[in-house]
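In terms of this note's numbering, the sequence shown has 85 at position 79, counting the first letter as 1, and numbering is strictly consecutive.
So the structure is just underneath, and the comments pick up after that.
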Amino acid sequence: MKRYYLALEKGSLRTSMHPLVAPTTIGRGPDNAIIIEDITASRSHARVSFLEGAWTVEDLGSTNGVFVAAKRVTKAALRPGDTFDIGDYTFRLVEMASSGDGTQLSDTVQLLSANIETMGSPSRGNRTSPNPERLQAVIAAIPFFSSLGEPELDRLASTSTLHIFQPGETIIREGDPGRSVYLILHGQVRVFTRDYKGEELELAILGASQFFGEMSFLTGQPRSSHVEAKENSVLVELSYTIMHRLAQENPRVKETLLTYYRERVESTKKKREEVGAPERRQQERVRERVPVTFTIVSQPESEAGPEITGYHAVSRDISMSGIILECREPLPAPLTAGNQVRLEIELPPSAEKVRAVGTVRRFQSVTAEQKAALVALEFKAMPAEDIQKLKRFLHGESHLASES
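Written out as structure tokens, the structure is:
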């Protein structure tokens, strides 16, 4: 039996391996099977599916197109080894034979991390990729895998996504939707959170044979912390669908996850108490860059005073309680906490407008002469119909109840 993967490559580094077991969508939107962070990619950019005896890539009406052999295509059949480009990303169709004896995951990791030896590690020097003999022991050492047999491991191998992350690269962001669970096969990751002042609170350093992501998997809530690679790391990502099935078929899996979940919640609570950091509000949010026009009210507590109008920005983070703006044009003066701002937000896909009044909670200039700034705003007033628009946007973009 042959299995097929999409190897996602950026530059000379193969960064992830996505199994092809069903039609697979690619784009910036969080409802895609493969999400790429490229401003030239459309929200729903392309689909790869098995049509008329061949894996085929189709353009889903994107703005900037899909390219095969440097030519823009609407639809194109792919053979093993063929590539197609979306923005700065290259996808390669990979064919692998299944041995049926549980070694597929070993083979896949070997292919994925073939060049990890040249990536280097700031703390331990150059690394070699995990070898097949050691890999099965690593997988078996992960708590909720300890009771699984080789057939179950092989089934996992056929539906798991593998990734390489370089030092400092973000794996998941606090507040983002997502219910997948990550297993660390190689390297180390750092888990941390931030309070409303932006101060970091480190929660854990995790290494090989450990896992993370179980909190969102079990609760359906947005990600509760940031996770970034501390060194070159190879990770397996198990989707919500895979983990849900595992938990149903193997009660011990769910029991183990619940145990770790309770321990980590308690540990996080104690660390927050030690430094006096309040718990962040758990709510759906979207890190979608949407256009925003805003007006600065210079004297928020006074009826008099001029308004400074006509500034443009894009959002960095939107929730029901507020928004973070990235402004790329000079502002007349630094904003301060308490300043009021009138906003007009264009929400995709229909570009319907949401109007609100917000209060500045944090302002950060990122270049000299106020030529770029980040502004954190708390919503203070919004028309009822616009509240419903924002709710539909946030819930529509989230896939917390489905596969991550």
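Ideal Cβ positions, reconstructed from N, Cα and C, are used throughout, including at glycine.
Every value quoted in this text rests on a predicted model; they were computed, and no experiment measured them.
Proximity below 9 Å, CB of residue i to CB of residue j
i: GLU346; j: GLY364; result: Here residue 346 turns out to be Gln, not Glu, going by the sequence shown. In contact: GLN346 and GLY364 (Cβ atoms closer than 9 Å).
i: VAL240; j: ILE178; result: no
i: TYR266; j: PRO149; result: yes
i: THR223; j: SER186; result: In the sequence as displayed, the identity of residue 223 is Phe instead of Thr. Yes, they are a contact pair.
i: PHE1; j: LEU331; result: There is simply no residue 1 to check, as the chain begins at 7 and stops at 410 in what is shown.
i: GLU415; j: ALA83; result: Absent from the structure is residue 415, since the part of the chain shown begins at 7 and ends at 410.
i: ILE190; j: PHE218; result: yes
i: GLY184; j: PRO25; result: no
i: LEU99; j: LEU12; result: yes
i: GLY71; j: VAL79; result: yes
i: LEU244; j: LEU162; result: yes
i: THR62; j: SER55; result: yes
Span separating the alpha-carbon of residue i from that of residue j
i: THR69; j: GLU156; result: 45 Å
i: THR301; j: ARG361; result: 11 Å
i: THR21; j: HIS169; result: 5 Å
i: LYS386; j: GLU206; result: 27 Å
i: SER325; j: THR299; result: 17 Å
i: LEU349; j: PRO336; result: 17 Å
i: LYS81; j: ALA319; result: 36 Å
i: ARG53; j: SER166; result: 19 Å
i: GLY213; j: PRO297; result: 40 Å
i: GLY316; j: ARG49; result: 27 Å
i: THR323; j: ARG295; result: Note on residue identity: the sequence assigns Asp, not Thr, to residue 323. The straight-line gap from Cα to Cα measures roughly 8 Å.
i: ARG196; j: SER230; result: 14 Å
i: VAL242; j: TYR188; result: 6 Å
i: THR342; j: THR225; result: 37 Å
i: ARG85; j: ALA60; result: 7 Å
i: ARG268; j: GLU280; result: 19 Å
i: MET388; j: ILE351; result: 11 Å
i: GLN254; j: GLN216; result: 21 Å
i: PHE97; j: THR89; result: 5 Å
i: LYS77; j: ARG200; result: 45 Å
i: SER321; j: ILE393; result: 17 Å
i: MET23; j: GLU158; result: 20 Å
i: HIS250; j: ASP182; result: 20 Å
i: PRO173; j: ALA390; result: 45 Å
i: ALA75; j: TYR246; result: 35 Å
i: GLU261; j: ARG270; result: 14 Å
Cβ shell of residue i (< 8 Å), same chain only, five flanking positions each side left out
i: ASP44; result: ARG34, ILE92, GLY93, ASP94, TYR95
i: SER153; result: ASN256, ARG258, VAL259
i: GLU272; result: none
i: ILE211; result: GLN194, VAL195, ARG196, VAL197, LYS236
i: LEU383; result: GLY328, ILE329, ILE330, LEU331, VAL347, LEU349, GLY364, THR365, VAL366, ARG367
i: GLU180; result: THR199, ARG200, PRO228, ARG229, SER230, SER231, HIS232, ARG286
Residues of its chain near residue i, where Cβ-Cβ distance is below 6 Å and the 5 sequence neighbours each way are ignored
i: LEU396; result: VAL360
i: ALA39; result: THR30, THR31
i: GLY193; result: GLU237, ASN238, SER239
i: THR176; result: GLU234
i: PHE73; result: ASP91
i: GLU64; result: ARG53, LYS81
i: ILE42; result: TYR95
Residues that DSSP places opposite residue i in a beta bridge
i: ASP323; result: ILE330
i: GLU335; result: None; GLU335 has no bridge partner.
i: SER22; result: LEU14, HIS169
i: LYS386; result: Its beta-bridge partners do not exist; DSSP assigns none.
i: ILE40; result: ILE32
i: THR342; result: DSSP, once it has assigned bridges, lists no residue as partnering THR342.
i: HIS151; result: It should be noted that the sequence gives Phe, not His, for residue 151. According to DSSP, PHE151 bridges with nothing at all.
i: LEU212; result: VAL195
i: PHE218; result: TYR188
i: PRO183; result: For PRO183, which the question treats as bridged, DSSP gives no partner whatsoever.
i: LYS359; result: GLU352
i: THR301; result: ARG348
i: GLN370; result: LEU380
i: GLU206; result: ARG200
i: GLY316; result: BP columns for GLY316 are empty, so no partner.
Contacting residues, own chain, Cβ-Cβ under 7 Å from residue i (five flanking each side not counted)
i: THR274; result: LEU209
i: LEU252; result: VAL259
i: LYS277; result: LEU207, LEU209
i: GLU358; result: LYS395
i: LEU66; result: SER50, HIS51, ALA52, ARG53
i: PHE171; result: ILE177, ALA235, SER239, LEU241
Min CB distance residue i to chain D below 9 Å
i: HIS192; result: The structure shown contains no chain D, having only a single protein chain.
ask   = Which parts of the stretch 42-116 are runs of the beta strand (DSSP E), unbroken and 3 residues or longer, counting only runs that do not cross its ends?
value = 52-57, 60-65, 72-74, 77-79, 81-84, 89-92, 95-103
Minimum length 4: unbroken alpha helix (DSSP H) runs contained in the stretch 233-275 = Uninterrupted alpha helix (DSSP H) stretches at least 4 residues long and entirely within the stretch 233-275 occur at 246-255, given in chain order.
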